[in-house]
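Engineer: Structure incoming, see below.
Here is the structure:
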């Protein structure tokens, strides 16, 4: 399979703390790739480097064959990487529809066309009936779906999802898993997700990277990962999931 | 906004809510009314008609008050593009009005160039001035209150600079030749208050249409996104630097026209007055009172603040309460009350009351 995203020895330190320490991995086009690990393992920092919110101190990040490490976030989005934020950040006073239109305007110069495009993603994320609500009034699961819809509206090749399942009830999280699977299957969208909900990781991911203290301690198929002694020791705990 | 649905709709069930039907109606009506609610259209039309015939029914004093109202409606809308739409707080808008006024006045007084041609010269100067302030701030990440301070600093530089610029008579002030009002000369902006009234009314109406068009366009969406959350806006591919620069430059150019108008209406310019920080503050009171980020708020706010000031004046004189400073104190108290009672501004509240909520703020 063709590699879409490739990280080579990427590091980031904040003052003395090494948040991400020489992490390397490849994500193939069309893959569902999960990054797991305990709190403070450097998962979100890793994401922020891929999305351009923070620049890596060293190492290289390439996307579709182009070096993107250190580019600003808007430039990275325009190259085809969409993201959601761990703490959801919809545009609060805009309506649900307008939130998604803002995303859709990236590839649709015309507002009317962007609106049509936004409707499609609102339907996919089950938000169409709520499109005229003010984003700030949505419930947390709805805001999470809104973030996914807005990111998808930019028509990314790669979608970075930072804990979209966190705070969702099991049924809601299953719904999200189903939506993501459909997206991946229908449009070949590559997804990299940070996740604590192992149930979702096991259901979705074809490949899992485990971070601990900024170091990649394991990578492989989810079934192998949950039996890896190092992973069990540092993250999952002694009881099998 | 079309009726918030208070009840939570079960996920995945395509229920038809009342909102669904009002929305469909709005869509069907769109080609006819250009997606403005019919009631809003009628109210706007009525207001415009009243303002158009006003000079026949009111005396020169009230006409001058209306000119001031429309002047602040104009500048308030211009400032609102930057703050209300793109979220960038400028407290130094006097610089654009001052530059516009001085350039057009000098060209007219020294070379006899008509103000409309003078405005053509003002446009690039205002745009470059806005771009300079914007570039310094946005390139070096000067944001929020620090950005506001930067805008004040530029206006102060201009005030002190013009105060020492002999070409424009420095602190002695620049005066325009005042001709007899034999006839109105629109091309040279020489004439009676009625002519000035129609000029500023047309300008305020045009800016309203422009603001609406901007807000409904791609650039408007991008501005609102940046105002709401710049990081999230950049994450959906918006080059925020570029859009913030556009906001500053458009706002600067529009404001500079107000300066041209001011110079030809009052016929005198003193750096100490036109670049004074209180000019900048006056410009932003309207939108703050009316409702920042709304289309009609700056216009309503201009009526409220000017009406309040003039009304207080009349009331205090009638009551024989003529202590120096009393007007300012009461004016301040009234504004304070409005801000405390209606922190989002008068317009969002009034709009809900009369059922013409703007689609989006």
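Protein chains in written order, with the numbering used here: chain A, 1 to 241; chain B, 1001 to 1361.
Glycine is no exception: its CB is placed at the ideal position from the N, C-alpha and C atoms.
Keep in mind the model is a prediction, meaning the values are calculated, not measured.
#1: How about residue 1138 of chain B and residue 1247 of chain B: do their beta carbons lie closer than 8 Å?
#2: Which stretch, first to last residue, makes up the alpha helix (DSSP H) that contains residue 1136 of chain B?
#3: Would residue 134 of chain A pass as a contact of residue 93 of chain A if the rule is Cβ separation under 8 Å?
#4: Please tell me whether residue 89 of chain A has its Cβ less than 8 Å away from any Cβ of chain B.
#5: Taking all protein chains shown into account, do 16 or more other C-beta atoms lie within 10 angstroms of the C-beta of residue 1223 of chain B, making it buried, or fewer, making it exposed?
#6: What would DSSP say about residue 134 of chain A, mapped onto helix, strand or coil?
#7: Whole angstroms are fine: how far does the CA of residue 1187 of chain B sit from the CA of residue 1068 of chain B?
#8: My guess is that residue 214 of chain A and residue 26 of chain A are in contact by the Cβ rule of under 8 Å, so how many angstroms apart are they, rounded?
#9: Mind checking who residue 207 of chain A pairs with in its DSSP beta bridge?
#10: Taking the alpha carbon of residue 13 of chain A as the point to measure from, which residue in A/5, A/23, A/6 has its own alpha carbon closest?
#11: Within 8 Å (strictly less), CB to CB, does residue 1087 of chain B reach chain A?
#12: Out of B/1078, B/1055, B/1037, B/1038, which one is the CA nearest neighbour of residue 1210 of chain B?
#13: Rounding to the nearest angstrom, what Cα-Cα distance links residue 1118 of chain B and residue 1165 of chain B in this structure?
#14: Which of the three DSSP states is assigned to residue 190 of chain A in this structure?
#15: Report all residues from its chain with a CB closer than 7 Å to the CB of residue 244 of chain A; omit the five preceding and five following residues, and keep chain order.
#16: With a threshold of 8 Å between beta carbons, is residue 1067 of chain B in contact with chain A?
#17: Please list, in chain order, the chain A residues whose beta carbon lies closer than 7 Å to that of residue 1229 of chain B.
#18: Residues of chain B with a CB under 7 Å from the CB of residue 150 of chain A: which are they?
#19: Using a threshold of 8 Å, state whether the C-beta atoms of residue 189 of chain A and residue 159 of chain A are closer than that.
#20: Should residue 1244 of chain B go down as buried or exposed, given a rule of 16 or more other Cβ atoms within 10 Å for buried?
#21: Nearest CA to the CA of residue 243 of chain A: which residue from B/1260, B/1268, B/1237?
#22: Check whether the Cβ of residue 1351 of chain B lies closer than 8 Å to any Cβ atom in chain E.
#23: Could you say which of A/85, A/195, A/203, A/142 lies nearest to residue 178 of chain A if we only look at CA atoms?
#24: According to a CB-to-CB cut-off of less than 9 Å, which residues of the segment 1207-1230 of chain B neighbour chain A?
Structural biologist: Taking the definition as stated:
#1: no
#2: 1115-1139
#3: yes
#4: yes
#5: buried
#6: strand
#7: 21 Å
#8: About 19 Å; that fails the 8 Å criterion.
#9: A/33
#10: A/23
#11: no
#12: B/1078
#13: 19 Å
#14: strand
#15: Missing from the structure shown is residue 244 of chain A; chain A here goes from 1 to 241 and no further.
#16: no
#17: 89, 91
#18: 1236
#19: yes
#20: buried
#21: No answer is possible for residue 243 of chain A: it lies beyond the span of chain A, which begins at 1 and ends at 241.
#22: Looking for chain E here will not work: the only protein chains present are A and B.
#23: A/203
#24: 1216, 1217, 1218, 1220, 1221, 1222, 1224, 1225, 1227, 1228, 1229
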